[in-house]
Amino acid sequence: MKTNIGAPFGKDALILGIETSCDDTAAGIVRGGREILADEIITSAPRHVPFGGVVPEIASRAHTEAVEEAVKRAFSSSGVSPEEIDAVAVTYGAGLLGALLVGVSFGKALAFALDKPLVAVNHIRGHIAAAYLADKTLEPPFLTLLASGGHTAIICVKSFTEHEVLGSTLDDAAGEAFDKTARVLGLPYPGGPNVERLAREGANTVKLPKMLKGAGGYDFSYSGLKTAVVNYVHAAEQSKKPWSKADVAHSFQCAALDVLAEKLFAAAEERKIGVVAAGGGVSANGYLRERLAKEAAGRKMKLVLPEKRYCTDNACMIAAEGYIRYAQGEFASLDLNAEAYIPLKNASEPL
Ligand SMILES: Nc1ncnc2c1ncn2[C@@H]1O[C@H](COP(=O)(O)OP(=O)(O)O)[C@@H](O)[C@H]1O
Ligand SMILES: [Mg+2]
């Protein structure tokens, strides 16, 4: 099994990952960037339900309460002692600033106390690195569909450290469109899984825009689709005719996700890359996963889909990406700050 990334540092390095960018306080321990030894998540999601979305102040407070416990659980469930880890990897962005600061501060303090290197991880690169946990033999080059609450993009992973963005959303992200659709259909937070659940009871009967299908290169646009859903629901509510929320959910899901699968595989064919992967919360969607599996099988391409748990936010993906940074000797200093926004860029440059 080839898992060495040309690392100047130990290939079996034990990395503690800490993730606090949104509403999940997560800690994980990963060996050699591939093998999960601990995977702990303490979520504050139920506390946000009454508000219909994540409340940053509540999330920050919840992280403060949970971060030490999550890290302790990671050590005790893995049997790894704090002295045994080789580095502390922490998400420094992008995400909710106050939430990120909790993890960054905790990570810094722990790295300092243990006298271990601190590694700063870009959350988006973490989502990409989740594929290395799903397939321990996976090596670049491959294409990744990144579909999360904040980003939607097709990324060519050229090497462990070099990414090229082939296309991305021009406006909203796919996850954002799911969340907005959930809201207009009166479904509770978190939107994505609830739209998926309702969609299973419906059919693709509502005509919605096809969103840069066959146009715009590998870019996406979700604002037109979102507006079409809102307009349809408002018109349906005002009419006296019966209408089906489940059909709207199903039709929206098809419109939002078909184009992702189509463009991903078109890019793979054009680039002659036979391995595709996916990451980010939207790639937990069952309809999308089935679509990707069917398209890959039809083309005899290899598909690497992280388990659903590793599509949404988790700390193991942060440890996996942290391992790559660690192996390059890319350490952060103790004045590391959190960043609310990090542009999606061609990621060959250091942090
Ligand atoms: N089963 C699902 N179907 C569609 N969207 C989903 C599903 N599960 C989660 N999502 C969406 O994924 C997003 C969260 O993913 P995540 O990777 O955590 O985003 P980010 O990292 O940008 O915060 C949310 O917008 C959520 O609605
Ligand atoms: Mg995420």
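The numbers in our numbering rise by one with no breaks, and the one at position 156 of the sequence shown is 138.
Ideal placement from N, C-alpha and C gives every residue a C-beta, glycine not left out.
Anyone know if the C-beta pair for residue i and residue j falls short of 8 Å?
i      : j      : result
Cys138 : Arg253 : yes
Leu128 : Val258 : no
Thr25  : Thr73  : no
Ile0   : Ile67  : no
Trp225 : Ala218 : yes
Met299 : Leu180 : no
Gly89  : Ala322 : no
Val36  : Phe160 : no
Asp295 : Ala8   : yes
Arg16  : Lys98  : no
Gly184 : Asp229 : yes
Val188 : Ser233 : yes
Can you list, in chain order, the residues of its chain with a C-beta nearer than 8 Å to that of residue i? Leave out the 5 residues immediately preceding and following it.
i      : result
Met193 : Phe202, Ser203, Tyr204, Gly206, Leu207, Ala237, Ala238 and Val241
Val101 : Ile(-3), Ala69, Val70, Ala71, Val72, Gly304, Arg307, Tyr308, Glu312, Phe313 and Ala314
Lys327 : Val147
Tyr269 : Glu178, Ala181, Gln235, Cys236 and Leu239
Excluding the five sequence neighbours on either side, which residues of its own chain have a C-beta within less than 7 Å of the C-beta of residue i, listed in chain order?
i      : result
Lys140 : Pro122, Pro123 and Glu146
Val166 : Val211, Val212 and Val215
Asn176 : Ala164, Leu169 and Pro170
Glu51  : Ile24
Pro32  : none
Lys227 : Leu167 and Leu180
Ser130 : His109, Ala155, Gly157, Gly262, Gly263 and Val264
Leu318 : Tyr74, Val86, Lys90, Leu100 and Ala102
Spatial neighbours of residue i within its chain, please: CB distance less than 6 Å, with the 5 preceding and 5 following residues excluded, ordered by chain position.
i      : result
Phe247 : Glu277
Would you grab the beta carbon distance between residue i and residue j for me? Rounded to a whole angstrom, and I think it's under 8 Å.
i      : j      : result
Ile136 : Lys245 : 6 Å
Gly85  : Val49  : 6 Å
Ala20  : Ser60  : 4 Å
Ala266 : Lys290 : 4 Å
In chain order, which alpha helix (DSSP H) runs of at least 4 residues are fully inside the segment -3 to 58? 27 to 30
Contact the segment 271 to 281 vs the segment 108 to 116: 3+ CB pairs below 8 Å: no
4 or more residues per run - each alpha helix (DSSP H) lying fully within the segment 192 to 238: 205 to 220
The segment 72 to 82 contacting the segment 36 to 51, beta-carbon criterion three pairs below 8 Å: yes
My parser needs the beta strand (DSSP E) runs of 3 or more residues fully inside the segment 228 to 306; what are they? 257 to 261 and 284 to 286
Only counting runs of 4 or more residues, tell me where the alpha helix (DSSP H) segments fall wholly within the segment 77 to 112, in order along the chain. 79 to 96
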